[in-house]
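Trainee: Before we start, here is the structure in question, set down as structure tokens.
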Amino acid sequence: MKTKADFDISGRTIAWEFLGVLTQGSKSEAFKPNDHEHDEDACVPNISPRERLKRLIGGVIPFAFALAILTWQISTNVDRLWRLPLSILFVSATSGFFQWRDKT
Numbered sequence: 001m002k003t004k005a006d007f008d009i010s011g012r013t014i015a016w017e018f019l020g021v022l023t024q025g026s027k028s029e030a031f032k033p034n035d036h037e038h039d040e041d042a043c044v045p046n047i048s049p050r051e052r053l054k055r056l057i058g059g060v061i062p063f064a065f066a067l068a069i070l071t072w073q074i075s076t077n078v079d080r081l082w083r084l085p086l087s088i089l090f091v092s093a094t095s096g097f098f099q100w101r102d103k104t
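In this note's numbering, the protein residues as written are 1 to 104.
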């Protein structure tokens, strides 16, 4: 027996409803994930505001530094291969920014 998992707009699978019908009869509510579990208001940050500020600074400084170097490389016609190491700075800036935004 194959089970096809289709996703509706809210992200819940139709398979959850299918499993609920098989086990509970017509009561599929027992197998649906709670909608309140995924609310952004219920998210509790696990770091202090001071640590979040460190993450933001750790994202902004590498981004500004990489952008300045990239601007210099473009204006002086440096070989394009030298732009590749800047990806490390851009990735670290992205990581710091997303850690700040997600409060982790």
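Don't be surprised by glycine CBs; every beta carbon is placed ideally from N, CA and C.
Since the model is a prediction, treat every value here as computed from it, not as a measurement.
#1: Do you know how far the Cα of Leu84 is from the Cα of Ser95?
#2: Please classify Ala93 as buried or exposed, where buried requires at least 16 neighbouring CB atoms within 10 angstroms.
#3: Distance check for Phe65 and Gln99, CA to CA, integer angstroms please.
#4: Within its chain, find whatever has a CB closer than 8 Å to the CB of Thr104; leave out the 5 residues flanking it on each side and keep chain order.
#5: In three-state terms, what does DSSP make of Leu56?
#6: Considering Cα atoms alone, identify which of Glu51, Arg50, Gly59, Leu53 is closest to Phe97.
Mentor: Taking the definition as stated:
#1: 18 Å
#2: buried
#3: 19 Å
#4: Pro45, Asn46, Ile47
#5: helix
#6: Gly59
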